[in-house]
Amino acid sequence: MKSGAGSSRGLRIALIAVCSAAGLLAAGFGICAVKLKTAGDSFAITDSLMKAQQRETEQSISGLRSQLKAQQEQAAGVESQLAQWERRAMDAESRSSKLESENSALQSEIDRLKSAAQSPSAPDNRKLIALTFDDGPGDTTSRLLDELKKRNMKATFFVVGNRVNRYVSTLKRASDEGHEIGTHTYSHPNLTRLSRQEKADEIQRSIQAITAITGQPITLLRPPGGSYDDELKAYCSEQNLRIIYWSVDTRDWESHNKSSILSTAFQSGPYGVRNGAIVLMHDIYPDTVDAAVEMMDRLQKEGYTTVTVSELLRIRKNGGIAGEVYTSALPQ
Ligand code: NI
18 MKSGAGSSRG
28 LRIALIAVCS
38 AAGLLAAGFG
48 ICAVKLKTAG
58 DSFAITDSLM
68 KAQQRETEQS
78 ISGLRSQLKA
88 QQEQAAGVES
98 QLAQWERRAM
108 DAESRSSKLE
118 SENSALQSEI
128 DRLKSAAQSP
138 SAPDNRKLIA
148 LTFDDGPGDT
158 TSRLLDELKK
168 RNMKATFFVV
178 GNRVNRYVST
188 LKRASDEGHE
198 IGTHTYSHPN
208 LTRLSRQEKA
218 DEIQRSIQAI
228 TAITGQPITL
238 LRPPGGSYDD
248 ELKAYCSEQN
258 LRIIYWSVDT
268 RDWESHNKSS
278 ILSTAFQSGP
288 YGVRNGAIVL
298 MHDIYPDTVD
308 AAVEMMDRLQ
318 KEGYTTVTVS
328 ELLRIRKNGG
338 IAGEVYTSAL
348 PQ
């Protein structure tokens, strides 16, 4: 009996041991499971955190991007504003420099006028002479124009109206080269034998024929043969025409001789060449042109300046008065 009771107790102990071991094992599994679960949860938490952080980062990046865009737009706006200001500054600068130069031009003009007012302008001491040629244009006029041009001299041509259509280019050339064109009437009549209306017709017809070619106004009349009367003077006064006579009559139309023309022109006294004289010649004669060429060289040597009649009147007679007769314009 005793040995029987002892073996059953050993079996109980063994069972308890086995059970304990099983219990321990089960507990161990339990703990492991809990641990594993905890680890899984921990992974899930970390993942969602990261996602949230990522979203947050993405949002802040997009925020920064839109901020940057706004700043870029602002910068572009500022830049265009600056460019506008720069343009305005440049405009203002160019306006200011323009004003400055205008101002300095005005100032120098004021200075010039002031000094002119303080000291009256020096009198024109040049020896002036007006060469005048009547009855043209003619075949010899072009040669005379060549010679005048060579010497840069100006003359006055008293043209006959009914001749101009035959010498259109000659007349145009004379005018274009700075010579003065006056009227010598349309058909060269003695004006004192005509009625007032006939005088007017002769003069107006010639002025129309000449100005149609030259385009220049006419302010001088040389009456054919030098014949004038009070009626003509009154008409010229109305028509802004000065009556131009002469102080030197070369009588070239009579002599047709170069040396005779020259000796007549250069005679001493009031009928010869002198300062302010008006010389009468006719450009339709070859001898006259020959004489005129020598006359020009001699005048140049003697220190004369040849001017048109209007220039002579402008310098010496304040332009002259319409209807008045001028034979010369001597220095005062
Ligand atoms: Ni004549």
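The opening position of the sequence shown corresponds to residue 18 in the numbering used here, with each subsequent residue numbered one higher.
All residues carry an ideal CB built from backbone N, CA and C; glycine is no exception.
By the criterion of at least three beta-carbon pairs nearer than 8 Å, the segment 226 to 241 is in contact with the segment 180 to 198. According to DSSP, residue pairing for L145 in a beta bridge involves T322.
Distance from the CA of E73 to the CA of T63, rounded to the nearest whole angstrom, comes to 15 Å.
Exclusion of D193 from the 6 Å shell around the ligand NI follows from its C-beta lying no nearer than that to any non-hydrogen atom of the ligand. Look at which beta carbons fall closer than 6 Å to any heavy atom of the ligand NI; those residues are D151, D152, H201, H205, P241. DSSP places I198 in the uninterrupted beta strand (DSSP E) bounded by 197 to 200. As the crow flies, the alpha-carbon of A191 is around 14 Å from that of I235. Around the beta carbon of S244, fewer than 16 other beta carbons sit within 10 angstroms, so the residue counts as exposed. Fully contained in the segment 153 to 203 are the following alpha helix (DSSP H) runs of length 4 or more, in chain order: 158 to 167, 185 to 193.
By DSSP's assignment, L237 forms a beta bridge with R259.
With contacts defined by Cβ atoms closer than 7 Å, L238 and G293 do not form a contacting pair. Nearest Cα to L161 within the set Q101, K275, T305, I78: T305. For L279, the enclosing alpha helix (DSSP H) begins and ends at 275 to 282.
For A217, the enclosing alpha helix (DSSP H) starts and ends at 213 to 231. The beta carbon of K250 lies closer than 6 Å to those of G340 in the same chain, with the five residues before and after it left out. DSSP places A346 outside both helix and strand once states are collapsed to three, so it counts as coil. Within the model, the alpha-carbon separation for L99 versus S113 is close to 20 Å. Within the DSSP bridge table, the entry for A294 names I146, S345 as partners. For D269, the enclosing alpha helix (DSSP H) covers residues 269 to 272. I295 is the residue among M312, V310, I295 whose C-alpha sits nearest the C-alpha of E328.
Of the other Cβ atoms in all chains shown, 16 or more fall within 10 Å of the Cβ of P241; this residue is therefore buried. Of the candidates L211, S212, F174, S159, S159 places its Cα closest to the Cα of S186. Around the beta carbon of K318, fewer than 16 other beta carbons lie within 10 angstroms, which makes this residue exposed. Within the same chain, Cβ atoms closer than 8 Å to the Cβ of R268 are found at S277, I278, T281, the five residues on either side in sequence being excluded. With a threshold of 16 other beta carbon atoms within 10 Å, P287 falls short and is exposed.
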